[in-house]
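Residue numbers (UniProt numbering): 1 to 394. Reading through the structure tokens given below for one structure.
Right, here's the structure in full:
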């Protein structure tokens with residue numbers, strides 16, 4: 001538009017210059033010159049008038065163009081100013097959005113750390129629960145084992161009663177009754193041919209703690225016993241005592257502290273027990289208890305009772321220990337639930353609330369950015385802010 005206006009001004013100047021030159025020539029001819037041709041002058045004037053009118057129209061159009069240019073320039077300046085304002089608002093919004101994104105990242109990192117801590121606590125809780133479950137299983141197995149042993153003891157007592165009162169056992173030798181008694185013992189309380197110190201014990205009474213009581217029931221002094229029954233000689237008695245001392249030394253070799261309870265038992269005929277009472281204390285000092293065949297069954301029943309009592313005491317102690325472990329595990333679970341786990345849940349709830357607030361702020365900033373990008377953005381944004389403020393006041 002500016003180039004067109006300059007061209008029109010140049011054309012107008014040329015036309016005026018031509019008119020000036022023509023008038024100068026006419027005046028320079030003087031009075032002596034012949035009169036000019038009126039027709040050509042009229043034609044020239046007509047051309048000049050037409051050119052003047054055209055020039056006037058062009059000047060009018062030029063004025064309108066200049067006004068339009070001025071109006072367009074003002075609009076462009078207004079738009080440029082509005083764009084600069086929008087750019088500033090967008091920059092501020094982006095800065096806020098970056099801040100919110102940074103806060104969100106920090107919150108997410110904190111949540112990840114809390115999740116890791118919570119996962120570790122859950123693993124600890126799972127381990128405690130597994131230990132508690134294992135403890136309960138051990139308690140159940142211990143109770144079943146104790147019940148089984150009680151039932152086995154009942155069956156053993158019934159078999160023993162049949163042995164002692166049955167017609168087949170009446171009048172049998174004491175050693176035979178002892179052998180039958182040992183055969184009827186529950187399997188967990190007896191061991192045959194137990195190797196101890198490169199020797200083998202024919203029979204050993206096994207206790208619940210894994211220790212053994214070696215039992216020797218063989219006797220070879222039949223001749224001396226017969227002489228004592230017939231003559232009651234001192235020589236036969238000494239020989240009988242020597243035989244007992246030899247058996248004590250042999251049985252004493254079975255006393256292994258790793259395998260035995262620290263004492264052994266020698267079962268002898270009742271007559272031998274009666275004639276050798278002077279050596280019983282000597283045998284006891286060496287860890288060997290001498291009993292007669294008639295005392296064997298009451299003695300072993302007492303030992304069995306003590307073993308079962310010991311087993312029950314041991315089971316009771318074990319159950320007490322397991323119950324204590326279970327109590328500690330449950331207390332640890334309760335402390336974990338009421339302590340760090342509850343704090344973790346509170347921290348997660350606080351983080352959730354903070355993230356919800358930050359997300360709302362980010363959405364508000366995003367709506368502002370979307371509003372600024374639309375026509376009439378600032379006015380619509382101001383109107384929306386007024387609506388939100390009025391809603392909050394209500």
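Glycine included, every Cβ here is placed at the ideal spot set by N, Cα and C.
By the 16-neighbour rule on beta-carbons within 10 angstroms, residue 267 is buried.
Taking C-beta atoms under 8 Å as the contact rule, residue 192 and residue 202 qualify, at a distance of about 7 Å.
Shortest Cα-Cα distance from residue 274 to any of 339, 290 and 321 involves 290. Below 8 Å, too few C-beta pairs join the segment 209 to 221 and the segment 329 to 341 to call them touching: fewer than three.
Residue nearest to residue 366 within the set 78, 89 and 47 is 89 (criterion: CA-CA distance). For residue 303, the secondary structure class from DSSP, reduced to helix, strand or coil, is helix.
Ranked by Cα distance from residue 182, the first of 304, 41 and 348 is 304. Residue pairing of residue 195 in beta bridges, as defined by DSSP: 200.
Between residue 199 and residue 254, the C-beta spacing is below 8 Å. For residue 216 against residue 252, the beta-carbon gap comes to about 10 Å, at or over 8 Å, which does not count as contact. Around the beta carbon of residue 360, fewer than 16 other beta carbons lie within 10 angstroms, which makes this residue exposed. Within the same chain, Cβ atoms closer than 6 Å to the Cβ of residue 104 are found at 358, the five residues on either side in sequence being excluded. Sorting 41, 218 and 352 by C-alpha distance to the C-alpha of residue 109 places 352 at the top. In the assembly as shown, residue 46 is an exposed residue. Its beta-carbon has fewer than 16 other beta-carbons within 10 Å. DSSP, reduced to helix, strand and coil, places residue 189 within a helical segment of the structure shown.
Residue pairing by DSSP puts residue 291 in a beta bridge opposite 267. Under DSSP, residue 214 takes part in a beta bridge, and its partners are 204.
Residue range 234 to 252 is occupied by the alpha helix (DSSP H) that includes residue 245.
In the structure shown, the three-state DSSP call for residue 276 is coil. The Cβ-Cβ distance between residue 279 and residue 243 does not fall below 8 Å.
Its Cα nearest to that of residue 308, the residue 147 stands out among 147, 131, 72 and 69. Between residue 233 and residue 269, the C-beta gap is not smaller than 8 Å, which leaves the two residues out of contact. Residue 363 counts as exposed, since fewer than 16 other C-beta atoms from the protein chains shown sit within 10 angstroms of its C-beta.
Straight-line spacing of the CA atoms in residue 93 and residue 107 works out to 21 Å.
Nearest Cα to residue 263 within the set 346, 250 and 272: 250.
DSSP lists 212 as the bridge partner or partners of residue 260. Distance between residue 131 and residue 241, taken at the CA atoms: about 59 Å. Rounded to whole angstroms, the Cβ separation of residue 114 and residue 306 is 58 Å, and the two are not in contact under 8 Å. The beta-carbon distance between residue 219 and residue 272, rounded to whole angstroms, is 7 Å. This is short enough to meet the 8 Å contact definition. Per the coordinates, the alpha-carbon of residue 197 lies some 26 Å from the alpha-carbon of residue 296. The closest CA to that of residue 235, considering only 259, 276 and 187, is found on 276.
Taking residue 283 as the centre and dropping the five residues before and after it, the same chain places the C-beta of 248 and 290 closer than 6 Å to its C-beta, in chain order. Residue 120 has its alpha-carbon roughly 10 Å from the corresponding atom of residue 126.
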